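*Asks:* Sequential numbering of the sequence shown, starting at 1311, is according to this note's numbering.
Backbone N, C-alpha and C define an ideal beta-carbon position, used for all residues, glycine too.
Note that the structure is a prediction, hence the values are computed from the model and not measured.
Got a structure here, written out as structure tokens. Questions coming.
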Amino acid sequence: MLVVSTDQAHSLGDVLGIPVPPSGSGEPVRVLADDAETSSGSLDAMALDTLALLEARWHEVVTTLDRRFPDSELSSIAPEELSALPGIQEVLGLHAVGELAASGRWDRVVVDCASTADALRMLTLPATFGLYVERAWPRHRRLSITADDARSAAVVELIERISTSVEQLSELLTDGDLVSAHLVLTPERVVAAEAARTLGSLALMGVRVEELIINQVLVEDESYEYRNLPEHPAFYWYGERISEQRAVLEELDATIGDVALVMTPHLAGEPIGPKALGGLLDGARLRRGTAPPGPLRPIVDLESGSGLGSIYRMRLTLPQLDPGSLSLGRVDDDLIISAGGLRRRVRLVSVLRRCTVLDAHLRGGELTVRFRPDPEVWPK
1311 MLVVSTDQAH SLGDVLGIPV PPSGSGEPVR VLADDAETSS GSLDAMALDT LALLEARWHE
1371 VVTTLDRRFP DSELSSIAPE ELSALPGIQE VLGLHAVGEL AASGRWDRVV VDCASTADAL
1431 RMLTLPATFG LYVERAWPRH RRLSITADDA RSAAVVELIE RISTSVEQLS ELLTDGDLVS
1491 AHLVLTPERV VAAEAARTLG SLALMGVRVE ELIINQVLVE DESYEYRNLP EHPAFYWYGE
1551 RISEQRAVLE ELDATIGDVA LVMTPHLAGE PIGPKALGGL LDGARLRRGT APPGPLRPIV
1611 DLESGSGLGS IYRMRLTLPQ LDPGSLSLGR VDDDLIISAG GLRRRVRLVS VLRRCTVLDA
1671 HLRGGELTVR FRPDPEVWPK
């Protein structure tokens, strides 16, 4: 297993108890070696240095393009100048993670992301980049540039490389068979409310959530009598915190349903290092339940009629989203869904590309968009 950190503000090594210096070379630090006696695999760790990645990748790209377009002068642009572009380092970090996963060296790659807002922003960047590049400079116009203009041709080649990369990243992130999210939270009301919104955001983005992990859960020992406790603040605090945590979990159930939870105990000592983290895992409890809300997957069917009189509908489940923040739009063959500060571009199936939008409504967390055939493009 490989653990990769994309969080530039925290150190993965602090948790593992060993130095894990930021690296852009792609070489991990060995934390645990294979143990044949216990049949346990190895554990590697890596902290990505996205600035070093940017410098290395830019050098590779410029070297390749300079050979094809020697007059492009792209080599005059320093990678430090590109670091100011919003999101460029995050996209490179995701691309590096994708390459590590595709290398086949590890059975599983775990990505330790930054805070919720930063993680959601990072996950939306590939699709957002592709959307705006296509709007600003459509592909058919880019490819019409002649090779006689070396500078423009080199820029086109560069954008094509980047566009291909972000398209592959978008497809990877929404591939539920390969990628899943594990949402970590603590049993506190503000945190649980944020987690419920995050579930809706991930569903909108098309990212499958594997499980919810509740950290720092206080355990009530069933073998101990909690009645007639001594008059001491510590006992009052412990009892109140257990009651508050139980209430938060019940509210979470009421909000998102009786989902399966992995609950890790609140230990007296901070778990640092592989041995302590293994002990934390041993003390974790699994509360069985339903799977978390699934990612956005459109269902298209014929509602009524035939030919030009047909009415088609597309249904999408959008859990935990504020209806007041929902807005829809259409750009060419894509439906644009915006909610909660996020935007998702959904490619319409072929039959709907020849239709115009009739109406849309949201009921019970399910969005229904109805379409009517466009006489100008509908097959005769």
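(1) Out of curiosity, what's the CA-to-CA distance linking residue 1329 and residue 1337?
(2) Counting only the same chain and skipping the five closest in sequence on each side, list residues whose C-beta sits under 6 angstroms from that of residue 1397.
(3) I need the straight-line Cα distance from residue 1440 to residue 1479, nearest angstrom please.
(4) Quick check: what's the CA-CA separation for residue 1581 versus residue 1544?
(5) Going by CA-CA distance only, name the one from 1358, 1345, 1386, 1344 that's closest to residue 1313.
(6) Excluding the five sequence neighbours on either side, which residues of its own chain have a C-beta within less than 8 angstroms of the C-beta of residue 1699, listed in chain order?
(7) Within 10 angstroms of its Cβ, does residue 1622 collect 16 or more other Cβ (buried), or is it exposed?
(8) Looking at the structure shown, is residue 1575 part of a helix, part of a strand, or coil, going by DSSP?
(9) By a C-beta neighbour count over all protein chains shown, 10 Å radius and 16 as the cutoff for buried, is residue 1344 buried or exposed?
(10) Please look up how many angstroms separate the CB atoms of residue 1630 and residue 1507, rounded, as I've assumed it's under 8 angstroms.
(11) Applying the 10 Å Cβ sphere with the 16-neighbour rule, what's the burial state of residue 1368?
(12) Here's a check: name, in chain order, each residue in its chain whose Cβ is nearer than 7 angstroms to the Cβ of residue 1573, leaving out the five neighbours to either side.
(13) Can you give the beta carbon distance from residue 1353 to residue 1364, rounded, assuming they're within the 8 angstroms contact cut?
(14) Hey, could you find the ends of the alpha helix (DSSP H) residue 1666 is sitting in?
(15) Mind checking who residue 1652 pairs with in its DSSP beta bridge?
(16) Measuring only the C-alpha atoms, how far is residue 1552 from residue 1560?
(17) Does residue 1635 pass the burial test, meaning 16 or more other C-beta atoms within 10 Å, or should it be called exposed?
(18) In chain order, which continuous runs of the beta strand (DSSP E) of length 3 or greater are located wholly inside the segment 1408-1458?
(19) Inspect the beta-carbon positions of residue 1418 and residue 1515 and report whether they are closer than 7 angstroms.
(20) On a CA-only basis, which of 1562, 1592, 1675 is nearest residue 1576? Give me that one, please.
(21) For the segment 1607-1620 against the segment 1656-1670, are there 3 or more C-beta pairs whose distance is under 8 angstroms?
*Replies:* Well, looking at it:
(1) One alpha carbon belongs to residue 1329, the other to residue 1337, and they sit about 14 angstroms apart.
(2) Contacts found: 1435.
(3) Cα to Cα, the separation comes out at about 10 angstroms.
(4) Spanning the two alpha carbons is a distance of roughly 22 angstroms.
(5) It is 1358.
(6) Summary: the structure shown does not reach residue 1699, with the chain confined to residues 1311 through 1690, and so no result is reported for it.
(7) Result: buried.
(8) Residue 1575: strand per DSSP, three-state reduction.
(9) When all chains shown are included, residue 1344 counts as exposed.
(10) Between residue 1507 and residue 1630 the Cβ distance is about 6 angstroms, and since that is below 8 angstroms, they are a contact.
(11) Flag for residue 1368 reads buried.
(12) In its chain, beyond the 5 residues on either side, 1524, 1527, 1594, 1595, 1597 have a beta carbon closer than 7 angstroms to the beta carbon of residue 1573.
(13) 28 angstroms between Cβ atoms; not a contact.
(14) Segment 1665-1673 is the beta strand (DSSP E) holding residue 1666; no alpha helix (DSSP H) there.
(15) DSSP, once it has assigned bridges, lists 1649 as partnering residue 1652.
(16) Straight-line Cα distance between these residues: approximately 12 angstroms.
(17) Classification of residue 1635: exposed, given that the 10 Å Cβ count is below 16.
(18) 1419-1422, all fully within the segment 1408-1458.
(19) No, these two residues do not count as a Cβ contact at 7 angstroms.
(20) Of 1562, 1592, 1675, the residue nearest in Cα terms is 1592.
(21) The segment 1607-1620 is in contact with the segment 1656-1670.
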